[in-house]
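Residue numbers (the working numbering): 1419 to 1704.
Where a beta carbon is used, it is the ideal one built from N, C-alpha and C, also for glycine.
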């Protein structure tokens, strides 16, 4: 009887999640040649390509787009007028079944970035809904995400869009619950509320060198293991919590990222994937 009750409770607790058979692939740029990975993915499309890009200047990716004969739709930040924030996304939906997202702007530059390629119809539906809002010029005021929790095989992925889903609140909740460690490598970090949560944690961080400014939270971390990255441009937007949860996407922990820009966020619950990000952090730290 106790076992039956436990099963019922677990099922009820997971009732809001949906399940997909699929795959998750993590790539780090420029080490994994993200430009070629994205071009290859676009070239593989059989039916449709829907992309929201902050910027696009990669000749290789532009060529793949031009040579594709499928239905293609795009939204670019530079085409948006009369909007107080940025269309800061960097995602594509391929054939309404595959999503790639992360911090990588397809511009061919050797910035430190990451991309996540996920085969999942439910996540693709989330991103397609968001794309359609952007395509219809509905910026920073769309509907809440439909499938916020998706299991891709055995991996739970939370998916949110900013500011619609209050990304900063989701991040604060997870960081506050950290028990062992938080690693982060981030391009822009000016949210002092999030920084204050980290002050009492076992923190290891890397910030883009330009973060040595009056708006940055960097001075708050002067007594912690947080450094400026000086070996290139650190463009990632990554937290790794307790070696088992990864937060990534286009969102930076800033006021604009949370309140004004159109952004997207993934929270991936996987020790295997988390360790890939920790290993990359340690590589960057050398």
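Check, Outcome
"With a threshold of 16 other CB atoms inside 10 Å of the CB of residue 1614, please say whether the residue is buried or exposed.", "exposed"
"Specify whether the stretch 1653-1668 and the stretch 1632-1641 touch according to this definition: at least 3 beta carbon pairs, one from each stretch, less than 8 Å apart.", "no"
"So, at 7 Å on beta carbons, what are the nonlocal neighbours of residue 1553 in its own chain, with the 5 sequence-adjacent residues on each side left out?", "1491, 1493"
"Alpha carbon to alpha carbon, what distance is there between residue 1539 and residue 1506?", "23 Å"
"How far does the beta strand (DSSP E) with residue 1441 in it reach, from first residue to last?", "1441-1447"
"Using the C-alpha atoms, what's the distance from residue 1521 back to residue 1627?", "17 Å"
"When the Cβ atoms of the stretch 1580-1593 are set against those of the stretch 1637-1648, are three or more pairs found closer than 8 Å?", "no"
"Would you check if there are 3 or more beta carbon pairs closer than 8 Å linking the stretch 1555-1565 to the stretch 1664-1672?", "no"
"If I measure Cβ to Cβ from residue 1646 and keep anything under 8 Å in the same chain, skipping five residues before and after, which residues do I get?", "1624, 1625, 1626, 1627, 1629, 1630, 1636"
"Would DSSP call residue 1540 helix, strand or coil?", "helix"
"Would residue 1542 pass as a contact of residue 1515 if the rule is Cβ separation under 8 Å?", "yes"
"Could you give the DSSP three-state label for residue 1438: helix, strand or coil?", "strand"
"Leaving aside the five residues before and after residue 1699 along the sequence, list all residues of the same chain whose C-beta is less than 6 Å from its C-beta, in chain order.", "1601, 1603"
"According to DSSP, is residue 1570 helix, strand or coil?", "strand"
"Helix, strand or coil, according to DSSP, for residue 1586 in the structure here?", "helix"
"Who are the near neighbours of residue 1545 in its chain, counting only those whose CB is closer than 7 Å to its CB and skipping five residues on each side?", "1509, 1511, 1517"
"Whole angstroms are fine: how far does the CA of residue 1701 sit from the CA of residue 1447?", "13 Å"
"What are the uninterrupted segments assigned as alpha helix (DSSP H) that are 4 or more residues long and contained completely in the stretch 1590-1669, given in chain order?", "1610-1616"
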